[in-house]
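Novice: What follows is a structure written as structure tokens; I'll ask about it next.
In the working numbering, the protein residues as written are 121 to 341.
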């Protein structure tokens, strides 16, 4: 029989000592997202009376001004001034989110808006979605709420600063009170002397009364 050499022995022992490598974990699979139902914009504007509410998505970040959206839809200044249309750009922490809300109070303006659905602006296709409520007002109320919170915080900070500044004045008041207290003590000292003088006078008067009584008796005798 053929004897195993040391190399064969080491190779066999190495395989027996180490466990087999663990199989890699399988990646989590998620179900595919359902496509957003395509909205018939023409049916939307024909089936209801104004106002019409639209949400614009996928706007390039460089187009962060309302004038960019106005020129894209060819909305005139007169239409904006006559409140036939309004544009609200959505920002978050001072940065444009690539979203805007456009309201139309005129059928012709709404027709111009929906005609630009999936048209490109700066290389990106603009999506137009229909909204059932005025999101511009909700955004404005949120902004006003944030402003009110900021003003409240500023008022609290100002109040805290005032209290910090007013603390030295309380020390001055304590010093003035102490001075007033010292003055009252000094004023009390003469009153004590006066009381002592009254006591001494009363003692003298008590001593004189018996002498005068004895004198009177002597004269009567």
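Just so you know, even glycine gets a beta-carbon here, dropped at the ideal spot from N, CA and C.
In this structure, how does DSSP classify residue 217 when only helix, strand and coil are distinguished?
Specialist: Strand, per DSSP.
Novice: Taking the CB atoms as reference points, tell me whether residue 248 and residue 174 lie closer together than 7 angstroms.
Specialist: Yes.
Novice: Determine whether the beta carbon atoms of residue 205 and residue 198 lie at a separation below 7 angstroms.
Specialist: Not a contact, by the Cβ cut-off of 7 angstroms.
Novice: For the beta strand (DSSP E) containing residue 208, name the first residue and the last one.
Specialist: Residue 208 -> beta strand (DSSP E) spans 205–212.
Novice: Checking the sheet assignment: what are the DSSP bridge partners for residue 174?
Specialist: Answer is 222 and 250.
Novice: Is the stretch 251–262 touching the stretch 224–240 in the sense that three or more CB pairs, one from each, lie closer than 8 angstroms?
Specialist: They do not touch, by the three-pair rule.
Novice: If we ignore side chains and look at the alpha-carbon of each, how far apart do residue 159 and residue 167 end up?
Specialist: Looking at the two C-alpha atoms, the distance is approximately 13 angstroms.
Novice: Rank 213, 214, 220 and 212 by C-alpha distance to the C-alpha of residue 187 and give the top, closest one.
Specialist: Checking every option, the nearest Cα to that of residue 187 belongs to 220.
Novice: Can you tell me whether residue 168 is helix, strand or coil according to DSSP?
Specialist: Residue 168 falls in the coil class under three-state DSSP.
Novice: Return helix, strand or coil for residue 256, following the three-state DSSP convention.
Specialist: Residue state, collapsed to three classes: helix.
Novice: Could you tell me the distance, in whole angstroms, from the CA atom of residue 184 to the CA atom of residue 207?
Specialist: Roughly 12 angstroms between the two C-alpha positions.
Novice: Residues in its own chain within less than 8 angstroms of residue 259 by CB, not counting five upstream and five downstream?
Specialist: Within the same chain, residue 259 has close Cβ partners 208, 210 and 221.
Novice: Rounding to the nearest angstrom, what Cα-Cα distance links residue 201 and residue 277 in this structure?
Specialist: Near 40 angstroms, if we compare the C-alpha coordinates of residue 277 and residue 201.
Novice: Output needed for residue 181: all residues of its chain with C-beta closer than 7 angstroms, excluding positions within five of it in sequence on either side, in chain order.
Specialist: Excluding sequence neighbours, residue 181 sits near 216 and 218.
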